[in-house]
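Chains A and B, in that order, are what the protein sequence lines are. Heads up, the first sequence is in full-length UniProt numbering, so the first residue is 1 and it goes up one at a time. Heads up, the second sequence is in full-length UniProt numbering, so the first residue is 1 and it goes up one at a time. Don't be surprised by glycine CBs; every beta carbon is placed ideally from N, CA and C. Below: one structure, written as structure tokens.
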Amino acid sequence: MSALLQVRNLSLHYGPRVGCQDVSFDLHPGELLCIVGESGSGKSTLLNAVAAQLTPTAGSVRYRQRDGEWLELGTLSEADRRRLAREEWGFVTQNPRDGLRLNVSAGANVAERLMALGMRHYSQLRATARHWLERVEIDPTRIDDAPTSFSGGMQQRLQIARTLVTQPRLVFMDEPTAGLDVSVQARILDLLRRLVNELGLAAVMVTHDLAVARLLAARTIVMQGGRVVETGLTDQILDDPQHPYTQLLVSSVLTT
Amino acid sequence: MTAALMLELRDLSKSFELHQQHGARLNVLRGLDLRLHAGECVVLSGPSGAGKSTLLRVIYANYRPSLGAVHVRHQDRWLDLAKATPHEVLDVRRQTLGYVSQFLRVIPRVPALDIVAEPLVEHGVDVQQARRRAAYMLSRLNVPERLWQLPPGTFSGGEQQRVNIARGLIVPRPILLLDEPTASLDADNRAIVAELLAEARSAGSAVLGIFHDEDMRDRVATRLFPMQALEAA
Ligand SMILES: Nc1ncnc2c1ncn2[C@@H]1O[C@H](COP(=O)(O)OP(=O)(O)OP(=O)(O)O)[C@@H](O)[C@H]1O
Ligand SMILES: [Mg+2]
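So this is what it looks like as structure tokens:
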């Protein structure tokens with residue numbers, strides 16, 4: 001099978017400080033890859049550099065778009081990058097308030113990305129929004145409520161609906177369950193797990209939680225100090241970690 | 001007719017390097033050779049700590065071998081799992097190699113029926129059909145129907161174990177690895193598992209397993225493979 005995303009020797013420095021250094025990986029269609037490591041290890045930097053949100057210092061990211069053509073993200077125009085983000089990608093941020101528009105209704109939050117793709121028919125937009133609220137287990141009678149009236153877990157589910165409604169091919173997620181209560185987390189993880197399977201999404205997810213990686217990702221990358229120290233099947237990495245840092249991470253959690 | 005060779009281990013070694021324990025090295029398997037054919041059931045025997053579970057995990061590529069080869073007949077070719085890419089390993093697990101451990105890994109909020117059906121869905125079978133097959137497996141293993149729609153987190157040890165076996169056997173796989181799958185089952189349910197394994201074998205599966213219970217071992221084994229701890233002294 002051919003890859004969807006190819007990352008080669010990617011580095012991003014903040015002045016003299018290393019954000020991430022010399023990272024390479026492939027992502028295949030339908031595959032969820034986790035990036036794990038403690039805070040400050042460069043996970044979010046790597047995610048943002050891959051998703052062309054930040055400009056890398058060196059290295060390349062290639063993406064195979066819907067029509068099969070390979071794009072070199074570093075050479076794309078700003079307009080092309082925005083088109084990819086709109087038409088083929090999705091982003092889920094840690095704080096749902098960063099990914100939602102707080103001054104419009106829940107329904108409008110979901111419909112907005114569809115409208116950006118040219119869908120204009122009001123009742124159809126509303127029906128799709130209602131359907132997606134149900135899919136993420138939000139009572140559809142709340143369609144006209146503002147997201148500010150939602151709990152944190154509901155806001156995160158709304159952000160997931162807003163992101164997935166356009167059926168993106170590739171989704172970037174940065175700690176989508178951090179900062180939520182454990183029971184709320186479990187519900188969101190279950191939801192993500194089901195949606196990823198049903199929609200055949202490819203995704204790169206940053207998490208510091210090894211149990212999340214175990215539950216969702218077939219493959220995992222372990223980062224320390226901006227570098228990849230170990231990569232492979234998630235169950236191999238968690239059950240038979242090779243690198244001292246990975247062994248420390250695994251032995252520091254109670255159960256995975 | 002001689003049965004097809006399905007799995008061949010050559011000169012397999014496994015050590016753990018424990019960086020948290022000042023780099024202590026634990027040698028568990030050394031220079032191990034084993035051949036497994038279609039239709040046979042080889043049972044690993046030996047004392048606690050002999051490395052039986054470790055061996056199954058190395059074959060499943062859950063542990064990485066330190067040295068040696070794990071040749072698996074995958075579809076119509078041979079693949080060395082010690083050298084395979086993660087994507088190749090995943091494909092081998094989907095199609096060829098099944099693994100049932102003693103414990104069910106519960107997934108929060110997912111009902112027993114779907115946990116059992118999941119490997120069949122991943123195998124490409126339609127969800128409704130996979131659920132029907134899952135229901136068949138669960139009823140054969142005497143899991144009461146009132147439990148099927150519940151997540152197994154609160155099930156008894158034996159109920160969880162039967163859900164785990166149903167999940168592990170729902171896809172007919174050419175090679176099955178079993179790590180004490182019947183440890184908390186009563187005699188009646190063990191007999192059912194023995195029956196399911198006999199059916200898998202006559203359909204051509206090769207089985208490699210660990211069964212502590214002697215009665216179960218006698219019932220299922222076509223051959224024993226004795227193992228000894230390397231550092232028993
Ligand atoms: N992931 C691991 N990391 C470090 N050591 C391990 C790991 N897995 C197994 N071992 C060690 O390998 C040795 C063999 O263990 P294993 O579980 O394979 O034995 P066993 O023959 O299955 O025993 P039992 O009959 O008690 O189940 C033990 O010393 C164990 O501590
Ligand atoms: Mg064991």
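Taking 7 Å as the CB-CB limit, is Ser251(A) close to chain B?
It does; some Cβ of chain B falls within 7 Å.
Is Ala186(A) close to chain B? Criterion is C-beta to C-beta, closer than 7 Å.
yes
Taking 7 Å as the CB-CB cut-off, is Thr256(A) touching chain B?
Confidence at Thr256(A) is low in this model, with a pLDDT of 49, below 50, so the placement of that residue should be treated as unreliable; the coordinate-derived value is given next. Thr256(A) does not count as touching chain B.
I'd like to know whether the C-beta of Gly232(A) is nearer than 7 Å to at least one C-beta of chain B.
yes
Do we get a CB-CB distance below 7 Å when we pair Arg219(A) with the residues of chain B?
True, the Cβ-Cβ gap to chain B drops below 7 Å.
Considering Tyr63(A), what are the terminal residues of the beta strand (DSSP E) in which it resides?
58-64
Which residues in the same chain as Arg223(B) place their Cβ atom closer than 7 Å to its Cβ, once the five residues preceding and following it in sequence are excluded?
Glu40, Val42
State yes or no: is the beta carbon of His74(B) nearer than 7 Å to at least one beta carbon in chain A?
The beta-carbon of His74(B) is placed no less than 7 Å from the nearest beta-carbon of chain A.
Checking 7 Å against the spacing of the C-beta atoms, do Gly30(A) and Gly200(A) come in under that value?
Taking 7 Å as the cut-off, the beta carbon of Gly30(A) is found closer than this to the beta carbon of Gly200(A).
Just checking, does the region 96-103 of chain B make contact with the region 136-148 of chain B on the three C-beta pairs under 8 Å criterion?
no
Beta-carbon neighbours of Arg109(B), restricted to chain A and to distances below 8 Å:
Ala186, Arg187, Asp190
Quick check on Ala233(B) - is its C-beta less than 7 Å from some C-beta in chain A?
Residue placement at Ala233(B) is poorly supported in this model, since its pLDDT is 39, which falls under 50; the coordinates are not used for a value here.
For Thr234(A), which of Gly226(A), Arg194(A), Met205(A), Arg227(A) has the nearest alpha-carbon?
Met205(A)
Members of the region 55-86 of chain B that neighbour chain A once the beta carbon cut-off is set at 8 Å
Cβ contacts with chain A: Arg57, Ala61, Asn62, Tyr63, Arg64, Pro86.
Interface residues of chain A around Val89(B) at Cβ under 8 Å?
The contacting residues are Leu233.
Which residues in chain A have a C-beta closer than 7 Å to the C-beta of His19(B)? List them in chain order.
In chain order: Pro244, Gln247.
Whether Val182(A) touches Arg157(A) by CB criterion (7 Å)
no
Met119(A), DSSP secondary structure in three states:
coil
Comparing C-alpha positions only, which one of Glu175(A), Ile160(A), Asp174(A) sits nearest to Pro168(A)?
Ile160(A)
By DSSP, does Gln149(B) sit in helix, in strand, or in coil?
coil
Just checking: is the beta-carbon of Asp181(A) within a distance shorter than 7 Å of some beta-carbon in chain B?
no
When the Cα of Leu196(B) is compared with those of Gly31(B), Gly124(B), Ile165(B), Thr85(B), which residue comes out closest?
Distances from the alpha-carbon of Leu196(B) to those of Gly31(B), Gly124(B), Ile165(B), Thr85(B) put Ile165(B) closest.
With a 10 Å radius around its C-beta and 16 neighbouring C-beta atoms as the bar for buried, classify Ala116(A) as buried or exposed.
Exposed, because fewer than 16 other Cβ atoms sit within 10 Å of the Cβ of Ala116(A).
Distance cut-off 6 Å: Lys14(B) Cβ against heavy atoms of ligand 2
no
Within 7 Å of ligand 2: residues by beta-carbon to any heavy atom
Going along the chain, the residues that qualify are Lys52(B), Ser53(B), Asp179(B), Glu180(B), Ile210(B).
I'd like to check one pair, Pro176(A) with Val92(A): are the Cβ atoms closer than 7 Å?
With respect to the 7 Å criterion, Val92(A) and Pro176(A) are classified as neighbours on the basis of their beta carbons.
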